[in-house]
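Undergrad: First, the structure itself, so that you have it in front of you.
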Amino acid sequence: MTLQFFALYGVMSALAIALLLVMIRLIKGPTLPDRVVALDILSVLGIGFVATYCIGSGRSAYLDVAIVLGLLVFLGTVAFARYLERRV
Amino acid sequence: MNDLIALPILIPLSTAAAMMLVRRNVLLQRLIGIAGSTMLMLISFKLLHLCYTDGIQVLQLGSWPAPFGISLVCDVFSAIMLVLAGIMAFATSIYSVADIERRRTAFGFYSLLHILMMGICGAFLTGDLFNLYVWFEVMLIASFVLIALGGEKAQMEGAIKYVALNLIASMILVAAVGLIYGLTGSLNMADVAVHLRDVPQQGVVLGIAILFMAAFGIKAAVFPVFFWLPASYHTPPAAISAVFAGLLTKVGVYALIRTFTLIFVDDPQLTHTALLIIAAATMVSGVLGAAVQVDFRRVLSFHIISQIGYMVLGLALFTPLAIAGSVFYILHHIIVKANLFFVSGVVHRLSGTYDLRKLGGLYAAYVWLAILFMIPAMSLAGIPPLSGFWAKLALIRAGLEVGEYWVVAVALAVGLLTLFSMTKIWAEAFWKEPVTPGPSGYPHTSGLVWMVAPIVFLAAITIAIGLGAETAFNIAQRASDELLNPQVYIDAVMRGSK
Amino acid sequence: MQLVFAILIGMLYAGAVYMMLRRSIVKLIIGLALFGHATNLLIFAVARLVRYNPPIVLKGETIPIEPFADPVPQALVLTAIVIGFGVQAFSIVLIKRVYQSVGTDDLDEIRSTDS
Amino acid sequence: MNYLVVVIIFATVWCALNGEFSVALYLWGLIFGGAALWLVESRAVTSPSTHGRGWRWLLKPWTALKFGSWFLKEVLIANVHVVIHALSPKLTIRPAVIAIPLEVKTDIEIALLANLITLTPGTLSIDVSFDRSTLYIHVMNAKDLEAVRQNIKDNFERRVMELLA
Amino acid sequence: MLLAVCSVFALAIAAPFIHRVARGFSAPLFAILPASLFAYFLSLAPGIAAGSPIAEKWAWVPSLGANLNFYLDGLSLLFALLVTGIGAVILVFAGGYFTGDRSAGKFFCLLLFFMGAMLGIVLADNLIALFVFWELTSISSYLLIGYNHKSAETRAAALQALLVTGGGGLALLAGLILLGVAGGSTDISSLNASGSTIASSALYPLILFTILLGAFTKSAQVPFHFWLPNAMAAPAPVSAYLHSATMVKAGVFLLARLHPAIADSPVWMWTVTSVGAATMLFGATMGMLSTDLKRMLAYTTVSILGCLTMLLGIGTEIAIFSMAVLVLAHALYKGTLFLVAGTIEKMSGGRDARVLGGLFHKMPMIAIAGSLAALSMIGIPLFFGFVAKEALYDAALQAPAAGGLWLTVVIASSAMFVAVAILTGMRPFFATTASPIVAKSPPVSMWIGPIVLSLAGLVCFFAAPFLGGNIVYPTVSAISEATATIELKSWHGFNLVLALSLLTIAAGLGLYAAMPMIRKLTEGLFDNGLFGAARAYDRTLDGLLRFAQWQASTLQNGYLRRYILVTICVTTTGAGAVFILHTDWSSLALTFDLRVHEAALVIVMVSAIAILVRASSRLTAIVALGVLGYAVSLIFMLYGAPDLTMTQLCIETLSVVLFVFVLYRLPQFIRLSRRRTRLRDAVIASGVGALMASLVLVASSGPADSHLRQYYASNAYTEAFGRNVVNVILVDFRALDTLGEITVLAVAAIGVFALLKLRPPSESEEAA
Amino acid sequence: MKLEEIISAILLGAGALLMLVAAIGLLRFPDLFLRMSATTKAATLGMMLFMLALIVAFQDSGVTTRAIAIAIFTFLTLPVPAHLLGRAAYFMGVPLWKGTQVDELRGKYDPYTHHLESEPVKSELPESKAD
Amino acid sequence: MRSLILSTATRLLMPLMLLFALFALFRGHNEPGGGFIGGLIAASAFVLYAVAEGTTQARRILRVDPRTLLGSGLLLGLISGVPGALGSEPYMTGIWLTEAIPGLGKAGTPLLFDLGVFMVVVGFVLTVVFALAES
Ligand code: NA
Ligand code: NA
């Protein structure tokens, strides 16, 4: 077993399960903020995903994706939160 | 290498970009707008001359050889379309000086108009399928904005339908382009034409052909996918309606003709029969739609559909005369239809309404306008010796020559109904006594000369095409010859690349 | 995986069409967005999927290492995405304005410009 | 002064992003960092209201290091709790929303404190009162509310003040 | 000849300006041109009679077979003389008719325009050129009929005339093109030389049908006659000129012109003759039964047109001979009668033949003209009408088939003409009325024309030999190849024909005497619109409009959903059908090679779609859309597209921001559609999905060999100095795409800005 | 496997487990605030572990510096949404779990100015608009 | 509406995002990135600022009207193709400096084009977001 194999099958599977659990929360809600939280954690999961994929594929080029995920994606959640507050 | 070919794309773009930088200065925008469109018109004439004398012109952008870079290809057909675009740009720029108010101009009307032109010229010039999609999008977004510019309620309602249905067409188009790439590994139209013949699964090729037909058909507003056009074309100011009515749908027709003479020519039995039926249904449903309208511009809008049918008819018949007829029809129709919309704008200026029931008395009051209406209207109805007659003549003769009598009968009957519609406008708006009192504040004649001048210009072209039909028809025939010999096109594009 | 992706793309298209046939303008726009995703994935997938290797020339090489992903559909999809974004931005602002001037988001009530 | 510090930090980040620390890169980093800062109107970033007493923590590397390791430890320990709570078959937690009176005053201090509280498992900053006197936090498992309050004041707030003072 | 035609058109264009300057003197000025043309053509007559027709060829649109070729033989000469001669007279009359009408410039323009077109028809030697002029006469007729355009009835009549003749014209166009195809030329003179080829062509029935349709509508043959009486809404000069003397004869002219080319068959003979005969009888009957002066004249014109057609159908030399004479005679007397009727109307305001009377004192000259014309129409010796009728009877008697039938029709009709002639040309002047009719006296310009025309009838009688030699014979020889053996004589002596003539006159007088009784008997029977073709026209038009209305409300119903539904269904069905039928499904190899994380992403996407479809809240839908977008971007990453991933992530995030900003004030979703609708939509959606899925599958089933991929990869670094091939494609290889793309963005930005900031004046007022 | 690969694998595995736990927490915890607690925390450490794994696996200066940058960026961005969402939840009236001991924040938001006060505000919050 | 935590984070994050945007822009020719991505990130930075501090502040910080960026970006993209066309080569032919710039790599007209893309993308996003936020 190589690191690549472990990353692509073992770690990825764990992350995949996590992803599905998040999806369940997304479907269940019950409130909108709950769904937004689910959306928000996707960015962290995504960073994990990217890191694992970098290791699994041996290509560091994907790392920039993680920077975008870390630096940018929270903006959606921020906008949502501001919206939710303003809507009241 | 011939950078001239890129100019019809670059001139409008630089004009538009320059105007984005002088947003506040309406006068300067108008000046730049007119200057840019004049240049576009002149360049396009130059290109037509070049293509007619020297054959197909090709530019490999970035010096990347075909099929790897994007090729701009200008054959006679493209050049004709460019000339028309140039004329339209010029006429519209001038017309808009009076028709488009300051507020719309300040919010970028002229930029949008020129970007629309850029998209249109790009679509006419490109030799690359994906690039064609890009130009369609440029055109589309510019038209979206133009149709909504001003924010009137009717504009909003029309725009939502226009946008939704045209976006669907774009998506179908880009999916079809993607599938083509999956099949052939190429995007250059000439290269695709060559490679598509070797594809083992011809079923998928036909399916894609239909997707292309649908995408361009929606853009061209053929039966039964024309809904967006009558729902929206009468909502913006007349200048915008005119350029849409004249040029925009014809880009769809152009693309149909281009792809179905260059790329999807292996099973004309299927594809062109389908086109024939579409053409007939389009002619009929368009003209019937027009028959019951009571709004000046809505009558005209439905007629666009009907006449698109004629253009598709030529493609469907697929003989040299028929294609020449189609090209000639496009040539004639762009000028005439735009001019009718221009006239409608003047009518609105003079009487404050587009509603035929409320209009009237224009013949007595403005004989010059009556004449200016009659020229394009009669040309549209195919009354000789105006341009429309020759277009119809060529198509009908082509239909009779191949023995498609039923379609000829349909075309003739539709011609009669077109005449019916035109006389309806004539009788209601010009002959009938006006309903009194009309809307207040009209006639509103300031700056009217800016609107009348382009009408006269286009009417003169209509008469010139009619009386000098031989020249125009020869050019159309040249275009037709090139279209029916795709190998010439392919060779021109691939020359020196391998 | 080609099969799975084909089905996935099919489902995206189906979802898009279903959404577009609803009466709410918002759903229409969402349908169009789905349509865009479907189309992008179609272009991406139909040019064959290759795992791991992006079409990037590594330091010291002059061409990407095979098997690398086809850069062409990537460029096409990127263009399509950006165009789609522009169009989408316009569309959603348009629906806002439509709602403001017509006062409804029920498409069936937006009919005055047709006969 | 602040401006220069920020630009230098940016130049460093630039090199870090490039994954290479060369003179040429550092120079470009200075240029682009300066440009970025100019673009956003440097005062917004370098003003005392953001940074309180400035960037003096850079001059106390030892304190900074101590702060970092303390934080890591906190994170590790707290994570164990969260794992246990999340996986335990029965929910044994006793959450609460409590108010913490604040002594820190500047924007950066308050924000850092709030973020640290959030990043540390088991606690979550919800909001700071308008008059900056109170921080409201959510605690996942608080047996003794006063102890939690005290822990935050003594550990988190004190260390933040120590670092940034 | 081109010069002749063009000069008329040029005068037409100049007419309004001249009229503005010359005022009351404009009409005589205008008349100079046709009068001199008349003289010119007359001067050519001897040459043509000597057997040397004049031909003139000008290339116009040779690619489409359209050339301005003109040909002056006997037939064209006859009609050219009519057009110019009567034209000159009518112009003078119109000058009086429109005295004081300042806008009459338009009228003269149109009338001259028509004259040019008509001249073009009769001179043209090219099918297409002929058609061009043909259509121009239809249009100018439309505009002239509608000259008094403020009345809705007038407009309807004008439209009717246009639609009927225009419709026929379109059929004619097809016929002419087919004729050109069958005969291998568009030059009439060369087609006329190849009549047998055409008659044996498979296209012949179609050619005949379409050309006859064109000719019959133009010449108001039953059942297309109805537009002509209605066209009497036109001013009198128009009725006299277009709808009696010239335009309506264009159909007859066409049949005569093409006679050598297409008449060589029994079908022709029977169709044309019987339609003509029916029209003749019908027109005469209706003419007699009408009460309106102009309608009476119109119906008898219809009748004469039928007669002419019938004669062309019979096609013997004598028949054609008779046709030529009748054309001339009819033009003279009917032109006069129309002008007379017009004058009466203008001066007294009445047109009812039953009421009018005693006008002799007010307009003696008109009365004389009317009487002379009526006598000619009746066929009294000394008038040219007599000569024509003699020839006519001769032709009917000598018809090769069914001669008795034709003769009966001719005699019956002629008898009725007698009654009509008296009713229209004499009774208004000489009958006594209970109360005197108030009328003004016409000016000289109004009576000079009728007098000239009616006297011409007398002159012609005596000039018959001259006419026969120089005009009628050349006409006959232009139509039928045989050399003319018949002489045109004023007096044939006492023979069967003369006896029949006298019988006819006697019967006609009897009918006139019995008019009140006949009227009472037939009252209401032939009311317009109650029966026949006019009703069919109305019904067709109504039905068409109803159908159009139905189509509009069905297709263009305003429901965007319906539009989308149709658009998508049509596309999918079309593409699906050909695709499924033409694809070799057996060769498709399906691979299923999926990693866990890929499967997980797919599941995420599918559930996001499910959430979207079932979402009851807009915001949930947006969250789901965001998730979907992020999942798509991760898929891009898994298959080697980091650039795409990053772009998609950024755009997805910004999209969420935009959605959130916009949806701020939009209402919540409500479940609007019914269950059945939703089910239907689901089925359609699944169909689309299935199609696209299989397209992807099949399109990507072949071997992957993209030469683009290879080229870009090997040249990106070496030629374009970039390691990221995707970016090199974007900014170098395919930079034009990118240029277009950023243009889209720029425009979208302008659009959004304008949408939000540029409010219509109405909305900004509300806000303020 | 080489040593650094083993270390990297362990780090990766631990990180993945933490993320899984975060996801489980998100699913299991009964109210919004608890769920947010679960996610932000586990994510913090999990992400650090992933970045460490990257550093160890690649042993490349470019990767190392970027991994550190990612970690720092994430620390800067992670707490912000939690704070904003928590705040919004209060305005929306998202209910706390019934087991919550005290809620010292309730009643301290001014529903009109949206200012958070240190002392209870008099005016009432509008009713729940959560969906 | 203002949040102290968000504002403070924004002041730090925003310049970092801008820096990353420039990084993505300049490195795009060789590694993932480029004008689009760079532009989107840069725009996001301003969007974040607008969300945290309000549009007026964000506009003030940007200094130029985003619509000016649209026009000038388009012009830059357009002009970048012209040098190539000055010789006998077609429009858009890339012209490259023979020597690489230390720390940046090879420079040529396609990179100018990318810069134009960057400007248009920033202009687009900001025009839209600012207008929306202000409406
Ligand atoms: Na369009
Ligand atoms: Na699109």
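Residue numbers (this note's numbering), protein chains in the order written: chain L, 1 to 88; chain Y, 89 to 586; chain U, 587 to 701; chain D, 702 to 866; chain Z, 867 to 1634; chain W, 1635 to 1765; chain G, 1766 to 1900. Where a beta carbon is used, it is the ideal one built from N, C-alpha and C, also for glycine.
(1) Quick check on M1635(W): buried or exposed, where buried means 16 or more other Cβ atoms within 10 Å of its Cβ?
(2) Which ranges would you report for the alpha helix (DSSP H) in the segment 1488-1537 of chain Z if only whole runs of at least 4 residues count?
(3) Please determine, among S1140(Z), G1617(Z), V1594(Z), the residue with the shortest C-alpha to C-alpha distance to L1790(G).
(4) Here's a check: name, in chain order, each residue in its chain whose Cβ is nearer than 6 angstroms to the Cβ of H360(Y), leaving out the five neighbours to either side.
(5) Could you tell me the alpha carbon to alpha carbon distance between A1648(W) and L1739(W), rounded to whole angstroms?
(6) Would you mind telling me which residues of chain G sit closer than 9 angstroms to I47(L), beta carbon to beta carbon, in chain order?
(7) Verify whether the separation of the beta carbon atoms of G1117(Z) and K1084(Z) is less than 8 angstroms.
(8) If you draw a straight line from the C-alpha of T1874(G) to the C-alpha of L72(L), how long is it?
(9) Taking the alpha-carbon positions, what's the F1283(Z) to P408(Y) distance?
(10) Short check: CB of L220(Y) to CB of A211(Y), under 8 angstroms?
(11) Can you list the residues of chain L that L1574(Z) reaches, using a CB-CB cut of under 9 angstroms?
(12) List in chain order: all unbroken alpha helix (DSSP H) runs of 4+ residues lying wholly within the segment 1269-1330 of chain Z.
(13) Should the segment 703-714 of chain D be called in touch with the segment 1642-1657 of chain W, which here means at least 3 C-beta pairs below 8 angstroms?
(14) Between the C-alpha atoms of A173(Y) and E647(U), what's the straight-line distance to the nearest angstrom?
(15) Are L846(D) and V1736(W) closer than 8 angstroms when you measure CB to CB?
(16) Would you mind stating whether G1201(Z) and V1286(Z) have Cβ atoms separated by less than 8 angstroms?
(17) Which residue spans inside the segment 885-970 of chain Z form an unbroken alpha helix (DSSP H) run of at least 4?
(18) May I have a chain-ordered list of the alpha helix (DSSP H) segments no shorter than 4 residues that lie completely inside the segment 1532-1617 of chain Z?
(19) Are the beta-carbon atoms of L237(Y) and F195(Y) separated by less than 8 angstroms?
(20) CA-CA distance, G670(U) and S1566(Z)?
(21) Report yes or no: is there a C-beta of chain Z within less than 8 angstroms of the C-beta of D64(L)?
(22) Just to confirm the assignment: which complete beta strand (DSSP E) runs, minimum length 3, are found wholly within the segment 124-187 of chain Y?
(23) If we count the other Cβ atoms within 10 Å of its Cβ and call it buried at 16 or more, is G491(Y) buried or exposed?
(24) Please identify, using Cβ separations under 8 angstroms, the residues of the segment 1704-1731 of chain W that lie next to chain G, in order along the chain.
(25) Sort A309(Y), S320(Y), D354(Y) by Cα distance to M371(Y) and report the nearest one.
(26) Kindly give me the distance between the Cβ atoms of F352(Y) and F300(Y), rounded to whole angstroms, as I take these residues to be in contact under 8 angstroms.
(27) Can you list, in chain order, the residues of its chain whose CB lies under 6 angstroms from that of F1684(W), leaving out five sequence neighbours each side?
(28) Decide yes or no for the touch test of the segment 40-52 of chain L against the segment 1680-1697 of chain W: beta carbon pairs closer than 8 angstroms, at least 3 of them.
(29) Could you tell me whether the segment 1287-1301 of chain Z touches the segment 1223-1237 of chain Z, where touching means 3 or more Cβ pairs closer than 8 angstroms?
TA: Based on what the coordinates show:
(1) Here the question's residue 1635(W) lines up with position 1 in the sixth sequence. Exposed: under 16 other Cβ atoms inside 10 Å.
(2) 1508-1529
(3) Working through the seventh sequence from its first residue, we reach residue 1790(G) at position 25. Closest option to L1790(G), Cα to Cα, is V1594(Z).
(4) Here residue 360(Y) refers to the residue found at position 272 when the second sequence is read from its first residue. A404, F406, listed in sequence order.
(5) By one-based count along the sixth sequence, residue 1648(W) stands at place 14. By one-based count along the sixth sequence, residue 1739(W) stands at place 105. Taking the straight line from one Cα to the other gives about 36 angstroms.
(6) If you number the first sequence from 1, residue 47(L) lands on position 47. Result: empty, since nearest Cβ-Cβ is about 15 angstroms, beyond 9 angstroms.
(7) Stepping through the fifth sequence from its first residue, residue 1117(Z) is reached at position 251. Stepping through the fifth sequence from its first residue, residue 1084(Z) is reached at position 218. Yes, the pair counts as a contact, with Cβ atoms nearer than the cut-off.
(8) Numbered from 1 along the seventh sequence, position 109 holds the residue referred to as residue 1874(G). Numbered from 1 along the first sequence, position 72 holds the residue referred to as residue 72(L). Approximately 29 angstroms between the Cα atoms of the pair.
(9) By one-based count along the fifth sequence, residue 1283(Z) stands at place 417. By one-based count along the second sequence, residue 408(Y) stands at place 320. Each residue's alpha carbon lies about 55 angstroms from the other.
(10) By one-based count along the second sequence, residue 220(Y) stands at place 132. By one-based count along the second sequence, residue 211(Y) stands at place 123. In this structure, A211(Y) lies closer than 8 angstroms to L220(Y) by Cβ.
(11) The sequence position of residue 1574(Z) within the fifth sequence is 708, counting from 1. Within 9 angstroms Cβ-Cβ: nothing; L1574(Z) doesn't reach chain L, min ~22 angstroms.
(12) 1269-1287, 1293-1296, 1310-1328
(13) Flag = no, the segment 703-714 of chain D and the segment 1642-1657 of chain W do not touch.
(14) Taking the first residue of the second sequence as 1, we reach residue 173(Y) at position 85. Taking the first residue of the third sequence as 1, we reach residue 647(U) at position 61. In a straight line, the C-alpha of A173(Y) is about 48 angstroms away from that of E647(U).
(15) By 1-based counting over the fourth sequence, the position of residue 846(D) is 145. By 1-based counting over the sixth sequence, the position of residue 1736(W) is 102. Yes, the Cβ-Cβ distance between L846(D) and V1736(W) is below 8 angstroms.
(16) Counting from 1 along the fifth sequence, the entry for residue 1201(Z) is found at position 335. Counting from 1 along the fifth sequence, the entry for residue 1286(Z) is found at position 420. Their beta carbons are not under 8 angstroms apart, which means G1201(Z) does not touch V1286(Z) by this criterion.
(17) 892-915, 940-963
(18) Restricting attention to alpha helix (DSSP H) runs no shorter than 4 residues, the segment 1532-1617 of chain Z encloses them at 1541-1565, 1573-1586, 1591-1594, ordered along the chain.
(19) Counting from 1 along the second sequence, the entry for residue 237(Y) is found at position 149. Counting from 1 along the second sequence, the entry for residue 195(Y) is found at position 107. Cβ atoms of L237(Y) and F195(Y): closer than 8 angstroms.
(20) On the third sequence, position 84 is the one that residue 670(U) refers to. On the fifth sequence, position 700 is the one that residue 1566(Z) refers to. Approximately 24 angstroms between the Cα atoms of the pair.
(21) Residue mapping note: residue 64(L) aligns to position 64 of the first sequence, counting from 1. So, interface residue.
(22) 145-148, 159-162
(23) As a first step, residue 491(Y) is located in the second sequence; it is residue number 403 there, counting from the start. Exposed is the call here.
(24) Cβ contacts with chain G come from F1707, L1710, T1711, P1713, V1714, H1717, L1718, R1721.
(25) For the purposes of this step, residue 371(Y) is taken as residue 283 along the second sequence, with counting starting at 1. Looking at the Cα atoms, A309(Y) is the closest of the given residues.
(26) By 1-based counting over the second sequence, the position of residue 352(Y) is 264. By 1-based counting over the second sequence, the position of residue 300(Y) is 212. About 7 angstroms separates the CB atoms of F352(Y) and F300(Y); that is less than 8 angstroms, so the two are in contact.
(27) On the sixth sequence, position 50 is the one that residue 1684(W) refers to. The beta carbon of F1684(W) is closer than 6 angstroms to those of G1649 in its chain, skipping five residues each way along the sequence.
(28) yes
(29) yes
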